[in-house]
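Under the numbering used here, the residue at position 119 of the sequence shown is numbered 109, and the numbers go up by one with no gaps.
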Amino acid sequence: MPAFGELEAAIMQQAWASGRPLRVRDLLDLLNVEQGRELAYTTVQTVAEILHRKGWLERTKDGRAFRYAPTASREEYTARLMDEALGSAADRTAALVHFAGRLDPAEAEQLRAALAEARRRQAGS
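In structure tokens, the structure reads:
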């Protein structure tokens, strides 16, 4: 799973931040303000459709237009990227150890709690 391209990432950031399904016109207006440039409607529409085909955006009909909403959270996307990165390591455990060593104490504690919860859920299944 490759990382998003520049415009894909910008569209996904808007979709995640909005908390509601957006039309292409909404995305276009938000992106033009954020990026300080005039993107073409058809460019945003094409990239939104690509993200839909890739499974990152769902679309629902709204009159003659579609509204787009993310199918996964920003955190789920990040987790998938991390999993892919770990999968490319020759030694997954060593990569995890290096990653864990970069965490600050509060993040390390959150990770310990998340791992304990995951173990409890696995034991309960």
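Positions of the beta carbon are idealized from the N, C-alpha and C atoms, including for glycine.
Return the CA-CA distance between Val37 and Leu12, expressed in angstroms with no decimal places.
-> Spanning the alpha carbons of Val37 and Leu12 requires a straight line of approximately 14 Å.
Three or more C-beta pairs below 8 Å linking the region 19 to 29 and the region 40 to 55 | Contact between the region 19 to 29 and the region 40 to 55 is absent, because fewer than three Cβ pairs lie under 8 Å.
DSSP bridge partner residues for Ala55 (one or two, in chain order) | Per DSSP, Asp52.
Presumed contact (8 Å Cβ cut-off) between Gln4 and Leu17, rounded CB distance = 6 Å
Which residues does DSSP pair with Arg13 in a beta bridge?
-> In DSSP, Arg13 forms a bridge with Arg57.
Please name the residue in Arg82, Ala(-7) and Trp6 whose C-alpha comes closest to that of Ala59.
-> Trp6
Between the C-alpha atoms of Gln112 and Leu20, what's the straight-line distance to the nearest angstrom?
-> 42 Å
In angstroms with no decimal places, state the Cα-to-Cα distance between Ala106 and Arg92.
-> 20 Å
Within this structure, are the beta carbons of Leu41 and Ala(-7) separated by less than 8 Å?
-> no
According to DSSP, is Leu20 helix, strand or coil?
-> helix
Contact check, Arg49 vs Phe56 under 8 Å by CB: the rounded distance?
-> Confirmed, about 4 Å.
Could you give the residue range of the alpha helix (DSSP H) that holds Phe89?
-> Arg82 to Gly91
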